[in-house]
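Student: One structure follows; several queries about it will come next.
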Amino acid sequence: MTRVGFLYPGFSAEDDYKAFADLLGGDVELSVVHTLMREDAHRVDALLDVGGDEVLDRGARELAAMEVDAAVWACTSGSFVFGWEGARRQIEGVRRAAGAPSSSTSFAFVHALSQLGVSRVAIAATYPDDVAQRFVEFLTEAGVTVLSMASHGIATAAEVGGLDPDDVLDFVISNDHPRAEAVLVPDTALHSAHLIDPLEALLGKTVLTANQVSVWEGLRLAGVTAGQGRGPGVLLRSGSAAVNSALASR
8 MTRVGFLYPG
18 FSAEDDYKAF
28 ADLLGGDVEL
38 SVVHTLMRED
48 AHRVDALLDV
58 GGDEVLDRGA
68 RELAAMEVDA
78 AVWACTSGSF
88 VFGWEGARRQ
98 IEGVRRAAGA
108 PSSSTSFAFV
118 HALSQLGVSR
128 VAIAATYPDD
138 VAQRFVEFLT
148 EAGVTVLSMA
158 SHGIATAAEV
168 GGLDPDDVLD
178 FVISNDHPRA
188 EAVLVPDTAL
198 HSAHLIDPLE
208 ALLGKTVLTA
218 NQVSVWEGLR
228 LAGVTAGQGR
238 GPGVLLRSGS
248 AAVNSALASR
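Residues 8 to 257 in this note's numbering are what the sequence shown spells out, letter by letter.
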């Protein structure tokens, strides 16, 4: 059985991973290790602590004991706030401690866009504007054109995890851009497994959510490369080709 491990900060939408596993079916196990969140706050200082080296090292060693085939730091904001090089070094530390190929949700977005050949996006972010702008900067460094960015301004992951599904649908749909090839929803605190297919049907384009790209990235790193023809969304149904890793040193 292929086992992918996820380092997940605190508690909010971790049950999304069981939902994705159920929707994917097959011989895949998605295992979650909860990492320390001293303060639940969508503020840069708090997010730098959430993604700190000691916090991730402790969690990654738990994944090593589970003998995972791949490890993913399942936190978008807790990676992109470090900037491109900082996020890359962060994942190198996870890789060493977990003893397995590793990535983060921020890099998973970049790799997923590469897989699908998408370069123009709209962003529907739950975070406050100053945090969301850092995601824009991260994607821009990867060569992605961000046509629009909407901020929901939510202060905590707990609040995001409790959002009503209809409110999520409305927020994402209302913040599409007509020239965007995909809409990105970057928060692993948001439940999304059962919303991706409805969103793609309503928008007529690809929708990439944080937990979705994290799952896809983990499967890719674990060597699950063939198109499975199942799972929510265009991305998971596309399988995972040999994309060029954005984690290489520049």
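Even glycine gets a Cβ: it sits at the ideal position worked out from N, Cα and C.
Being a predicted model, the structure only gives us computed values, none of them experimental.
1) Is Tyr-15 helix, strand or coil when you go by DSSP?
2) Which complete alpha helix (DSSP H) runs does the segment 165-196 hold, if anything under 4 residues is left out?
3) At a cut of 8 Å, does the segment 31-39 reach the segment 167-183 through at least three beta carbon pairs?
4) Could you tell me the distance, in whole angstroms, from the CA atom of Glu-69 to the CA atom of Val-40?
5) Leaving aside the five residues before and after Arg-257 along the sequence, list all residues of the same chain whose C-beta is less than 7 Å from its C-beta, in chain order.
6) So Ala-77 and Ser-86 are supposed to be a Cβ contact under 8 Å. How far apart are they, rounded?
7) Can you tell which of Asp-23, Ser-247, Ala-131, Gly-230 has the C-alpha that lies nearest to the C-alpha of Ser-158?
8) Please state the DSSP three-state secondary structure of Ser-199.
9) Using alpha carbons as the reference points, say which of Ala-229, Val-190, Ser-252, Thr-195 lies closest to Gly-240.
10) Under the DSSP definition of a beta bridge, which residues are partnered with Ala-77?
11) Examine the Cβ distances between the segment 159-177 and the segment 94-112 and report whether three or more of them are shorter than 8 Å.
Tutor: Working from what's here:
1) strand
2) 172-181
3) no
4) 7 Å
5) Because Arg-257 carries a pLDDT of 47, less than 50, the predicted location of this residue cannot be relied on, and the following value inherits that uncertainty. Nothing meets the Cβ criterion.
6) Actually they are not in contact, since the Cβ atoms of Ala-77 and Ser-86 sit about 16 Å apart, beyond 8 Å.
7) Ala-131
8) coil
9) Val-190
10) Val-11
11) no
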